[in-house]
Structures are given as structure tokens and as C-alpha cells.
Amino acid sequence: MSGLQNTSEAVAVLASLGLGLVLLMFVATTPPAVEATQSGIYIDNGKDQTIMHRVLSEDDKLDVSYEILEFLGIAERPTHLSSHQLSLRKSAPKFLLDVYHRITAEEGLSEQDEDDSYEHGHRSRRSVDLEEEEGDQQKNFITDLDKEAIDQSDIIMTFLNKRHHNVDELRHEHGRRLWFEVSNVPSDNYLVMAELRIYQNANEGKWLTANREFTITVYAIGTGTLGQHTMEPLSSVNTTGDYVGWLELNVTEGLHEWLVKSKDNHGIYIGAHAVNRPDREVKLDDIGLIHRKVDDEFQPFMIGFFRGPELIKATAHSSHHRSKRSASHPRKRKKSVSPNNVPLLEPLENTRSCQMQTLYIDFKDLGWHDWIIAPEGYGAFYCSGECNFPLNAHMNATNHAIVQTLVHLLEPKKVPKPCCAPTRLGALPVLYHLNDENVNLKKYKNMIVKSCGCH
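Heads up: the sequence shown runs through residues -36 to -1, 1 to 419, numbered per mature numbering (1 follows the signal peptide of the UniProt record, and there is no 0).
See below:
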């Protein structure tokens, strides 16, 4: 039993010392006030000091960038984009920013991300500025129906109204026609729901009275047998003359048809009439709807909620493109015998019991801060350490791991020790530009280690 006691004491000593590996990817080595920075891997030297363990070369950073892009399901990084501060004044990104904050709050990421970023000494004011930019008009931006669709989807895309050279104006005096570019939607995405958002500001209309009720109807514009325009009603909503805020109309059927047959995308038409006078259309301007010169933050937009393909399919697709990329873009790499060429997760000589370790990914240092709106980076974490007897409560060991540990003590050459692995994983929402017209929000499952244990 003396051997077991010595083992237990050794484990306790290592745990009390808190020795281990802390891995930080793409973190500046100097304070924000100093311009020169280096990208690399940092470790905890066991004396409450973080030291450089390995410098990442430009080739290393490029390799990591390619791998992360493929994992995110993005063929290449978007380019030639307007600034975040300019684009986030628009209505669609503001909506997705609200959704992003809701998801991060549910996942318990907001407070954690701030602590991690401050700890690494490089958090900018961008995420704070984004929150401050949200005006009072954005409150209650997310409806109960939205919440249900958000929970059912993992990809949310927004579409801003734009002009199209193949779309002729309708000869309607009072309504308004909108057109959305939806060709960027991947064909393997399943549409859960789509809705149109239009902003009503009664203060800019002439029917500023609560006792006047109006019906707003959205129509899908089609083409008849003789080439004339047809209008198929999609949905309606009632409003009053004094209402100020966003109106939501379901356009799932319309977007589904456009995704199946893109040539049928002739846009939508929005009309309004008094509830007691359905035969008489009123001007949208008169009830404060969709002014032609409305500010960016009140522009009409469409939201598509999608479920993406299974992860196994995405992984196979990624591997296929990775092999194609390697063949088409070979890079000569010289193997050096310098200390920098150590394995990415090389453990320290001193080990400790199984627990969660720091792994931080900084998008800014990858040069992605111009198209990834949020987060600036994230704590992925990883599990590392020994699963030695006795397995303490904080090791979250399974019953099987406990039995395996005991058998390992009897037959160490035949039965290995249990492994330190994640016991709970969390999702990561990423808000990013697809181009200057579209902003996407994607939820990536099992991206963040929440807890570790022996298995």
C-alpha cells in the first residue's frame, strides 16, 4: 500500500502546485501601447508567469487560417468590405447582433469572453461599442416566434433590399416593391422560416391616430402565362395609425420558391388598406411605412433561418477541399531543428491531474477582424492531465474510469489509465459578413470545452 500512498501524495502535491500547460494562440506579446507584436504559443511556467513557448511563422498562421475557414464552412475570407461601424448602422446587422447577444447569454459566454480577453491584455473597444450603438428602437427586436426559429436553426442569414436590373417597376401608386438577392444561400441548407421586417414610424405619417386600423399585406410577384405580373399573397399583419416599431410578416413560402427556382425571384410587393376598406389601398407613406429615404437602421430586410448539413457531411466536404487546396497551392516548407518546431500541444515535464486548460483563438491576429463582427476571439479550452488513483470528485470520473483505474494498478502493462477528455461542450455563435449586403450568424456546436473528466 505504500506505493499507492506515494502515488496519492504525489498527485496531491502536483495538484496543489497548479503546474501545467496554458496554451494561448495568436496573442500579442506586448501591451496594446506597443506596436510590435508576435503571434505564438504561450505557456504557464508554474510561477504565475506566462512565457513564450513557440513563435508561429506566417506559414503556420496561413495553415491555421485555412483550416479554420474550412471548418467554418467558408470557402475563402470575404474581401473589400465596408467598416464594421458603417455596416452595423444598418437594420439587418443590428437584428443579428441582438440574436448574437441572446445566444451568448444563454451559452454563458458573454462574461467569460470579457474576462478572457482582458486577461490576455488585448481586448479592444469594438464589442463594447457595438452594444452602445443599439438604440431604444431595437428593444424587443426579437419576438417569441424569432426565439423559436433561433432555437431550431444554426444558420441565420439576413438580406437587405436592393435594386435588380431585370426587375421592372410595378404600376402601383401606393405600395412598395422590394427585391432580395438570395443566390448566396447554400443549396444544402434547410429553410426553417423566413420573415420580412418593415419599420413603421407613425410620426412620419398622416394617420397618427390609434382608432385607425390598417392591414399590411406582402405579395410574391410572379409572371403570368402572357408575361404579365401576378401577385400571390404571402401573409398579412394588422397595425394602427399611431404604432412605432417593427412589423414582422412571414415570407417562408416566397423564399422557398426563390431558392428552388432563382429565375422566379421577381421580388415582393407590400400594400396596405384600412381594415374597414379592403378595396381601397392607402399610401405606405401615409402610415409611416418604408419611406424611400429612410435611415439605414430602419431599412426593410428579410431574415432566413436555416438548418445546415450534418457535421459529418461538412467534415467530408472540408477534407475534399483541403486535399484540392494542397495540390493547387503547394508550399515548400523547410523543417528546422530549432526549439520552435515542437508539437503544438507538447506537455510540460510536470503533469497534474485532469482539468481544463486555456486555449484562446484570436481572430484579430489572423487578420479577420474586418469580416468577423463578433466575437473578437474565443476561449476554446482543452482537457489535459493525468487520471491517477485515487480519482477525486473534481475529476468528474465515470464509474467505468474508476474501475479501469483500479485494474490499471493491478495490470499496468495490459490496461491503460483512463483518458482526460471533455465531459461537456458548448456552442459558439459567430457573426460575420458574407459580403457588403449580407451578414450571417452561425452557431457552431461543440466548439468550447465546458468541463473535463476521466473516461
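Every residue gets a Cβ at the ideal spot worked out from N, C-alpha and C, and that includes glycine.
Beta-carbon within less than 6 Å of residue i's beta-carbon, same chain only, minus the 5 sequence neighbours each way: which residues are those?
| i | result |
| --- | --- |
| A365 | P382, C418, H419 |
| K247 | H138 |
| M266 | F123, F144, L160 |
| R176 | G205 |
| G349 | R316, S317, C318, Q319, C384 |
| N410 | L389 |
| R53 | D260, E261 |
| D27 | none |
Could you pull out every residue in the same chain whose Cβ sits closer than 7 Å to the Cβ of residue i, ignoring the five residues on either side in sequence?
| i | result |
| --- | --- |
| N229 | V146, W222 |
| Y64 | A338, P393, L395, L405 |
| L155 | T216, L219, H220, L223, G268, F270 |
| E196 | Y183, A184, G186 |
| V379 | Q368, V371, H372 |
| W332 | R41 |
| K227 | none |
| L355 | A361, A365, I366, T369, C418 |
| S21 | none |
Of the choices the options, whose alpha-carbon is the least far from that of residue i?
| i | options | result |
| --- | --- | --- |
| G231 | T362, T181, R141 | R141 |
| D334 | L398, I325, V224, P393 | L398 |
| N31 | V367, D249, I325, P354 | It is worth fixing the name first, because residue 31 is Glu in this sequence and not Asn. Comparing Cα positions, the closest option is I325. |
| T194 | A184, S200, V201 | A184 |
| A357 | D110, L330, S317 | S317 |
| I119 | P150, N125, L109, K126 | P150 |
| N352 | Q368, K227, Y346, R66 | Q368 |
| T204 | N240, P273, A113 | N240 |
| C347 | F327, W332, T387 | T387 |
| E71 | R41, D115, S29, I336 | D115 |
| M157 | L190, L213, N125, T187 | L213 |
| N148 | A39, E196, V201 | A39 |
| V258 | L323, Y163, F178, T322 | Y163 |
| M320 | P354, N125, L389 | L389 |
| Y342 | F327, P354, W332, L355 | F327 |
| P242 | L211, L60, K227, N202 | N202 |
| L211 | P264, K377, D249 | P264 |
| I254 | L190, P42, L60, N125 | N125 |
Determine the extent of the beta strand (DSSP E) in which residue i is found, giving its start and end residues.
| i | result |
| --- | --- |
| V394 | 384 to 397 |
| residue 423 | An answer regarding residue 423 cannot be provided, because it is not within the stretch -36 to 419 covered by the chain. |
| Q321 | 319 to 321 |
| F123 | 119 to 124 |
| K378 | First-last for K378: undefined, no H or E at that position. |
| residue 421 | One cannot answer for residue 421 here, as it falls past the ends of the chain, which runs -36 to 419. |
| E145 | First-last for E145: undefined, no H or E at that position. |
| F270 | 265 to 271 |
| G349 | No beta strand (DSSP E) contains G349, which DSSP labels as neither H nor E. |
| Q186 | Residue identity differs from the one stated: residue 186 is Gly in this sequence, not Gln. Per DSSP, G186 belongs to the beta strand (DSSP E) from 177 to 187. |
| N202 | 193 to 204 |
From what residue to what residue does the alpha helix (DSSP H) around residue i run?
| i | result |
| --- | --- |
| A166 | Where A166 is concerned, there is no enclosing alpha helix (DSSP H), given that its DSSP letter is neither H nor E. |
| I234 | Counting along the chain, I234 falls outside any alpha helix (DSSP H), though it belongs to the beta strand (DSSP E) covering 232 to 238. |
| P57 | 55 to 71 |
| E208 | Before going on, a small fix: residue 208 reads as Val here, not Glu. That residue, V208, is in no alpha helix (DSSP H); its beta strand (DSSP E) goes 208 to 214. |
| I114 | 108 to 116 |
| E31 | 22 to 36 |
My assumption, with CB atoms under 8 Å, is that residue i sits in contact with residue j. Please give the rounded CB distance.
| i | j | result |
| --- | --- | --- |
| Y408 | L392 | 5 Å |
| A344 | V413 | 7 Å |
| N360 | C416 | 7 Å |
| D260 | S117 | 26 Å between Cβ atoms; not a contact. |
Distance check for residue j and residue i, CA to CA, integer angstroms please.
| i | j | result |
| --- | --- | --- |
| I180 | E401 | 26 Å |
| N153 | G37 | 12 Å |
| A385 | K111 | 33 Å |
| I106 | G209 | 12 Å |
| K225 | G252 | 33 Å |
| D206 | A166 | 5 Å |
| Y233 | P273 | 32 Å |
| E340 | I67 | 16 Å |
| G188 | L109 | 34 Å |
| P23 | S29 | Looking at the sequence provided, one finds Asp at residue 23 rather than Pro. Rounded to whole angstroms, D23 to S29 spans 10 Å at the Cα level. |
| E34 | I336 | 15 Å |
| F262 | K58 | 10 Å |
| A69 | R244 | 46 Å |
| L(-14) | A113 | Only weak support exists for where L(-14) lies, its pLDDT of 35 falling under 50; the value from the coordinates is given anyway. Spanning the two alpha carbons is a distance of roughly 37 Å. |
| L198 | H237 | 16 Å |
| M121 | G235 | 25 Å |
| L330 | T322 | 19 Å |
| K377 | K25 | 40 Å |
| R41 | L190 | 44 Å |
| Q192 | D249 | 27 Å |
| L60 | L374 | 57 Å |
Keeping to the same chain, check which residues put their C-beta closer than 8 Å to that of residue i; ignore five residues upstream and five downstream.
| i | result |
| --- | --- |
| S200 | T179, I180, T181, V182, L213 |
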